[in-house]
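*Asks:* The structure is given below, and queries will be raised subsequently.
Number of protein chains: 2
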Amino acid sequence: MQADYHLLKKYVASVFTAIGCSDEEAALASDVLVSADARGIDSHGVARLAGYVRLYDNGRLNTKPQVKVLHETPSTATLDGDRGLGLIVAPKAMEIACEKAALAGTGWVAVQNSNHFGIAGYHAMKALPSQMIGWAMTHAAPLVTPTFSKEKLLGTNPIAVAIPANEEPAFVADFASTAVAYGKLEILQRKGLDTPDGWVQDANGDPSNDAFAIKNGGALLPLGGDREHGSHKGYGLGAIVDILSGVLSGANFGPWVPPFATAGFMQAGETVGNGTGHFLGAMRVDAFRPAEDFTKDMDKWIRRFRSAKAVEGKQVLIPGDPERELEAIRRVEGIPLLKPVVEDLQSLASRFQLDFKLD
Amino acid sequence: MQADYHLLKKYVASVFTAIGCSDEEAALASDVLVSADARGIDSHGVARLAGYVRLYDNGRLNTKPQVKVLHETPSTATLDGDRGLGLIVAPKAMEIACEKAALAGTGWVAVQNSNHFGIAGYHAMKALPSQMIGWAMTHAAPLVTPTFSKEKLLGTNPIAVAIPANEEPAFVADFASTAVAYGKLEILQRKGLDTPDGWVQDANGDPSNDAFAIKNGGALLPLGGDREHGSHKGYGLGAIVDILSGVLSGANFGPWVPPFATAGFMQAGETVGNGTGHFLGAMRVDAFRPAEDFTKDMDKWIRRFRSAKAVEGKQVLIPGDPERELEAIRRVEGIPLLKPVVEDLQSLASRFQLDFKLD
Numbered sequence: 013m014q015a016d017y018h019l020l021k022k023y024v025a026s027v028f029t030a031i032g033c034s035d036e037e038a039a040l041a042s043d044v045l046v047s048a049d050a051r052g053i054d055s056h057g058v059a060r061l062a063g064y065v066r067l068y069d070n071g072r073l074n075t076k077p078q079v080k081v082l083h084e085t086p087s088t089a090t091l092d093g094d095r096g097l098g099l100i101v102a103p104k105a106m107e108i109a110c111e112k113a114a115l116a117g118t119g120w121v122a123v124q125n126s127n128h129f130g131i132a133g134y135h136a137m138k139a140l141p142s143q144m145i146g147w148a149m150t151h152a153a154p155l156v157t158p159t160f161s162k163e164k165l166l167g168t169n170p171i172a173v174a175i176p177a178n179e180e181p182a183f184v185a186d187f188a189s190t191a192v193a194y195g196k197l198e199i200l201q202r203k204g205l206d207t208p209d210g211w212v213q214d215a216n217g218d219p220s221n222d223a224f225a226i227k228n229g230g231a232l233l234p235l236g237g238d239r240e241h242g243s244h245k246g247y248g249l250g251a252i253v254d255i256l257s258g259v260l261s262g263a264n265f266g267p268w269v270p271p272f273a274t275a276g277f278m279q280a281g282e283t284v285g286n287g288t289g290h291f292l293g294a295m296r297v298d299a300f301r302p303a304e305d306f307t308k309d310m311d312k313w314i315r316r317f318r319s320a321k322a323v324e325g326k327q328v329l330i331p332g333d334p335e336r337e338l339e340a341i342r343r344v345e346g347i348p349l350l351k352p353v354v355e356d357l358q359s360l361a362s363r364f365q366l367d368f369k370l371d
Numbered sequence: 013m014q015a016d017y018h019l020l021k022k023y024v025a026s027v028f029t030a031i032g033c034s035d036e037e038a039a040l041a042s043d044v045l046v047s048a049d050a051r052g053i054d055s056h057g058v059a060r061l062a063g064y065v066r067l068y069d070n071g072r073l074n075t076k077p078q079v080k081v082l083h084e085t086p087s088t089a090t091l092d093g094d095r096g097l098g099l100i101v102a103p104k105a106m107e108i109a110c111e112k113a114a115l116a117g118t119g120w121v122a123v124q125n126s127n128h129f130g131i132a133g134y135h136a137m138k139a140l141p142s143q144m145i146g147w148a149m150t151h152a153a154p155l156v157t158p159t160f161s162k163e164k165l166l167g168t169n170p171i172a173v174a175i176p177a178n179e180e181p182a183f184v185a186d187f188a189s190t191a192v193a194y195g196k197l198e199i200l201q202r203k204g205l206d207t208p209d210g211w212v213q214d215a216n217g218d219p220s221n222d223a224f225a226i227k228n229g230g231a232l233l234p235l236g237g238d239r240e241h242g243s244h245k246g247y248g249l250g251a252i253v254d255i256l257s258g259v260l261s262g263a264n265f266g267p268w269v270p271p272f273a274t275a276g277f278m279q280a281g282e283t284v285g286n287g288t289g290h291f292l293g294a295m296r297v298d299a300f301r302p303a304e305d306f307t308k309d310m311d312k313w314i315r316r317f318r319s320a321k322a323v324e325g326k327q328v329l330i331p332g333d334p335e336r337e338l339e340a341i342r343r344v345e346g347i348p349l350l351k352p353v354v355e356d357l358q359s360l361a362s363r364f365q366l367d368f369k370l371d
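Heads up: the sequence lines are chains A and B, in that order.
Taken in order, the first sequence gives residues 13 to 371; the numbers are from the working numbering.
Taken in order, the second sequence gives residues 13 to 371; the numbers are from the working numbering.
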C-alpha cells in the first residue's frame, strides 16, 4: 500500500504512546523512524516498529528514560541513555553536542545504555540549521567479519556526516561500513538469486554467493570485500565506529553488542558494558572560517562534482542527493509499504486498540 | 641496498638543512619521512625526498615558514602553513590540537597553505602519549573518480585514527579512501601484470585491468570499486576528507588540489584556495571516561579481535599491527631501498655536497 506520510507518522507515534512514551517523545521517535522510509532506507523505518515493541516486551526498553550526563568537558559529554529509545536518546545527545559546539567550537557526545537509533543521517542533519557539520555513528550486533576472520565481530556500523552549503542542498553522507546492507541480501533471498562476489563469505571464511550465507553461519564482508580490494579499510572503519560508540562511551562493544530485538537479554557474563552505544558530534563551521566563505565554497564543490563528465547514461551524485529527492516525492505522494510491514503495523493496532488509517 | 635507520635519518635531515630548514625542523621532517619507510609505506618515505626538493626548486616550498593561527576557539584552530613542508606543519597543528584537547576535551585543527605531510598515521599517533585519540587526514591531487564519473576529482585522501590501549599496543588505522594505493599499480607495471577487477577504470569510465590505466586517461577507483560493491561509500569517505582538509581550512579542494611535485605552480585562475590542506584532531580519552577504564577495555577489544577464529593459514590483525612489527625489525636490521631511490638520494648528495653514507 501507499501510506500517507502524515497519517503514517501519526499512527507510529500512537504506538510509541501506547507503550508509555510521552506525546512529545513519541512524536520525535516517529519522526526519526518515518524519515527513514521517506528517504528510501526502508529497512530502518516503520518496518522496525514491531522490533522496538519487542524490545519493550522483553524489558530492554525504558519508555520513560531519564537521560543523564555522566561526564563532561567544554567540548565533550558522555550520556547514560537509561535504556531509552535510541530514536529519543540520540537527538538529545545531538542537542548537547550542538550546545557544546556553540560555546567551544565543537561538541562530541558518546552515549551508552541506549538502543537502536534509526538512520544515522537523521541525527547528523540536525546540526545543519545551526551552520554546523554534524556527525553520527552507532554500532550494532555482529554480522560482519574482520578481514581473515571466520567469526562475526562487528555490526554494519554506519557513519553519517552532514555538511551545510549555501544555495545548494547540504552534503549528507550516510553509509554502513560493509559492502552492502543486509536488506540487499533479503531482496535476493526473495528472488532466489545469488549475490555478486565480495558481499558475503561462508562459515569457513571462503568467498560465497549464497544470499542465505549469514543464516548458514557465514557473514557480511566489510566495505572492500576481500584483502585484495581493501577490506582491511572497511574493517578499520567499522572498528573505529565500534570503539567510539562502544568503548569510549562505556557501552558494550564488538561481539558483545546486544542484538536489536531478539528475545530477552544477553546472558549474564556476556556483557562488557552498558547497552548499545552511539557517538555524535557537531562542528561549528565558523569555528574554522567565516560561515559564508565556507558555505559558498561548498556550493562550488557540489556544483563541480555534480557537473562532472559522467559515464554513459549516468550522473555523478552528491552524497544525500537521492535520499533528499525521494523524500520530497514521498512526503507528497506517500510511502510505499510492503504487505508484511502493513500486517505488522495492523497487528500492533489490534493489540493496542489504535485507530489504523494510513491512506 | 639495506640502509641503516639512523644513518638514513641523518642523511635525509642533511638534505632538508641544505634547502634551508633549521636543524630542528630538518630532524623532524626526516623523522616523519623515514618513519614511513620503517613502517613499510615505502611510497611515502625517502622515495619522495627528491620530490620535496623539486617543490623547493619550483618555488612552492618555504623552508622557513612562519605558521600562523588564522582563527581559533577553545576546541578549534585554523592554521596558515605559510607554504611550509607538511612534514613540519602537520606536527605543529597536532601539537595545537593536543593543547586544545588538554583544556577543552578535544582539539581540531584545519590547515591551509601546506604541502604533502607524509603518512597520516605518524601524525595521528602523536596524540597517544597524552592518552588521546589522534585523527589525521589530508587530501591530494586528483587521481580518483567519484562513482559514475569519468573525471578524476579526488585524491587518494587518507584518514588515520590512533587509539591508545593499556598493555596492548595502540590501535592505528591509516588508510587511503581508494581500493588500492597507487604504489600497487606501479608494482604491477614493473612486472607487466594486469590489475584485479575493481582497482581502476579506463578513460571512458569502463572497468579496466590495465595497470597503466591512469597514464592512459583512466583513474583509481574509490574503496568499494563499483556501485554494486559500495564505491559510493569510498567516494563519500574521500569527499569528507577533501572537504575537511580543503573547504573547511580555506585550502584548494577537489580537482584544484595542487600536485605534489610536478613542475611549477598550477596556472592562475585554477586556484580556489590556499595550497594543500590537512585536518588533524585530538580527543582526550578522559574527557569521556576515566582513562584507565577506557584503555583496559581497549585491551579487551584488541585481544578479542586478535584471537578471533581465522581462515586457514591467516590471522586476524589489529589495525597497525603489521606496520608496528615491521618498524621494530627495520629500526634494527635496516631499511631496504630500491636502486632508483638510492640513485635519487645520491644525486641530491652530489648537488648539495653532502656526506652520503647509509650503511
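Here a beta-carbon is modelled for each residue, glycine too, at the ideal position from N, C-alpha and C.
In the DSSP assignment, what residue or residues form a beta bridge with V121 (chain A)?
*Replies:* DSSP lists A:A89 and A:L292 as partners of V121 (chain A).
*Asks:* Can G167 (chain A) and V44 (chain A) be called in contact, C-beta distance under 9 Å?
*Replies:* No.
*Asks:* Which of the three DSSP states, helix, strand or coil, is assigned to Q365 (chain B)?
*Replies:* Of the three classes helix, strand and coil, the one that applies to Q365 (chain B) here is coil, per DSSP.
*Asks:* Which residues does DSSP pair with W147 (chain A) in a beta bridge?
*Replies:* Per DSSP, A:V173 and A:G293.
*Asks:* Determine the DSSP secondary structure at T373 (chain A), reduced to helix, strand or coil.
*Replies:* Residue 373 (chain A) falls outside the range modelled here, since chain A spans only 13 to 371, and no answer is possible.
*Asks:* Helix, strand or coil: which one does DSSP assign to F277 (chain A)?
*Replies:* With a pLDDT of 47 at F277 (chain A), under the threshold of 50, the predicted position of this residue should be treated as unreliable, though the coordinate-derived value follows. The answer is coil: DSSP assigns F277 (chain A) none of H, G, I, E or B.
*Asks:* Mind pulling the chain A residues with CB within less than 7 Å of T85 (chain B)?
*Replies:* Residues of chain A passing the Cβ test: A116, G117 and A299.
*Asks:* Out of B:L200, B:F129, B:S42 and B:F306, which one is the CA nearest neighbour of A102 (chain B)?
*Replies:* Taking only the C-alpha atoms, the option nearest A102 (chain B) is B:F129.
*Asks:* If the cut is a Cβ gap below 8 Å, which residues of chain E does T90 (chain A) touch?
*Replies:* In the structure shown, chain E cannot be found, because the protein chains are A and B.
*Asks:* Inspect the CB distances between the segment 342-349 of chain A and the segment 325-338 of chain B and report whether three or more fall short of 8 Å.
*Replies:* No, the segment 342-349 of chain A is not in contact with the segment 325-338 of chain B.
*Asks:* When you compare each of A:Y23, A:L73 and A:N74 to V58 (chain A) by their alpha carbons, which one comes out closest?
*Replies:* Here the closest residue by C-alpha is A:Y23.
*Asks:* Who are the Cβ neighbours of E37 (chain A) in its own chain at under 6 Å, not counting the five residues just before and after it?
*Replies:* Closer than 6 Å at the Cβ level, and outside the excluded window around E37 (chain A), lie I100.
*Asks:* Using a Cβ-Cβ cutoff of 8 Å, what residues of the segment 323-342 of chain B are near chain A? List them in chain order.
*Replies:* The residues in question are V323, E324, K326, Q327, V328, L329 and P331.
*Asks:* Less than 8 Å between C-beta atoms, sequence neighbours within five positions excluded: which residues of the same chain meet that for P208 (chain A)?
*Replies:* These residues qualify, in order along the chain: N221.
*Asks:* Considering A185 (chain A), what are the terminal residues of the beta strand (DSSP E) in which it resides?
*Replies:* Per DSSP, A185 (chain A) belongs to the beta strand (DSSP E) from F183 to F187.
*Asks:* In three-state DSSP terms, what is Q327 (chain A)?
*Replies:* If DSSP states are grouped into helix, strand and coil, Q327 (chain A) belongs with coil.
*Asks:* Do P158 (chain A) and P234 (chain A) count as a contact pair if the criterion is CB distance below 9 Å?
*Replies:* Yes, the Cβ-Cβ distance between P234 (chain A) and P158 (chain A) is below 9 Å.
*Asks:* In angstroms, rounded to a whole number, what distance separates the CA positions of H244 (chain B) and D49 (chain B)?
*Replies:* Roughly 31 Å separates the two Cα atoms.
*Asks:* Report the neighbours of I347 (chain B) on chain A: residues whose CB is nearer than 7 Å to its CB, in chain order.
*Replies:* None at all; the shortest Cβ gap to chain A is about 23 Å.
*Asks:* Would M149 (chain B) be called buried (16 or more neighbouring beta carbons within 10 Å of its own) or exposed?
*Replies:* Its Cβ being crowded by 16 or more others within 10 Å, M149 (chain B) is buried.
*Asks:* Are the beta-carbon atoms of I171 (chain A) and S189 (chain A) separated by less than 9 Å?
*Replies:* Yes, Cβ-Cβ distance for I171 (chain A) and S189 (chain A) is below 9 Å.
*Asks:* Whose C-beta lies closer than 6 Å to the C-beta of F291 (chain A) among residues of the same chain, with five residues either side of it excluded?
*Replies:* Hits under 6 Å: A122, M149, L256 and S257.
*Asks:* What residues from chain A crowd round V192 (chain B), counting only those whose CB sits closer than 9 Å?
*Replies:* Those are E240, H241 and G242, listed as they occur along chain A.
*Asks:* What separation, rounded to the nearest whole angstrom, lies between the Cα atoms of K369 (chain A) and H18 (chain A)?
*Replies:* Approximately 11 Å between the Cα atoms of the pair.
*Asks:* Helix or strand or just coil, what does DSSP make of P77 (chain A)?
*Replies:* Of the three classes helix, strand and coil, the one that applies to P77 (chain A) here is coil, per DSSP.
*Asks:* With C-beta atoms as the reference, is G242 (chain A) less than 9 Å away from V354 (chain B)?
*Replies:* Result no, Cβ atoms of G242 (chain A) and V354 (chain B) do not sit closer than 9 Å.
*Asks:* Closer than 9 Å by beta-carbon distance: list the chain B residues that pair up with M310 (chain A), in chain order.
*Replies:* Going along chain B in sequence order, the residues near M310 (chain A) (Cβ under 9 Å) are I255 and V259.
*Asks:* Can you tell me the Cβ-Cβ gap for L97 (chain A) and A41 (chain A), rounded? I've got them flagged as a contact below 8 Å.
*Replies:* Indeed, because the Cβ distance is near 5 Å, the residues count as touching under 8 Å.
*Asks:* For a contact defined as C-beta to C-beta under 7 Å, what are the partners of I199 (chain A) on chain B?
*Replies:* The contacting residues do not exist; I199 (chain A) stays about 13 Å from chain B at best.
*Asks:* State the Cα-Cα distance for the pair M295 (chain A) and C110 (chain A), rounded to the nearest angstrom.
*Replies:* If you take the alpha carbons of M295 (chain A) and C110 (chain A), they lie about 8 Å apart.
*Asks:* N127 (chain A) and L67 (chain A) - do their beta-carbons sit closer together than 9 Å?
*Replies:* Yes.
*Asks:* From this set, B:L165, B:A25, B:G146 and B:L357, which residue's C-alpha is nearest V297 (chain B)'s C-alpha?
*Replies:* Taking only the C-alpha atoms, the option nearest V297 (chain B) is B:G146.
*Asks:* With DSSP collapsed to three states, give me the class of A136 (chain A).
*Replies:* Looking at A136 (chain A) - three-state DSSP - the assignment turns out to be helix.
*Asks:* Going by C-alpha distance, which of B:T29, B:S55, B:V81 and B:G93 is nearest V65 (chain B)?
*Replies:* The shortest C-alpha separation from V65 (chain B) is found at B:T29.
*Asks:* Cβ atoms of P86 (chain A) and S87 (chain B): under 9 Å apart, would you say?
*Replies:* For S87 (chain B) and P86 (chain A), yes; Cβs fall inside 9 Å.
*Asks:* Can H83 (chain B) and A299 (chain A) be called in contact, C-beta distance under 9 Å?
*Replies:* Cβ distance < 9 Å, so H83 (chain B) and A299 (chain A) count as in contact.
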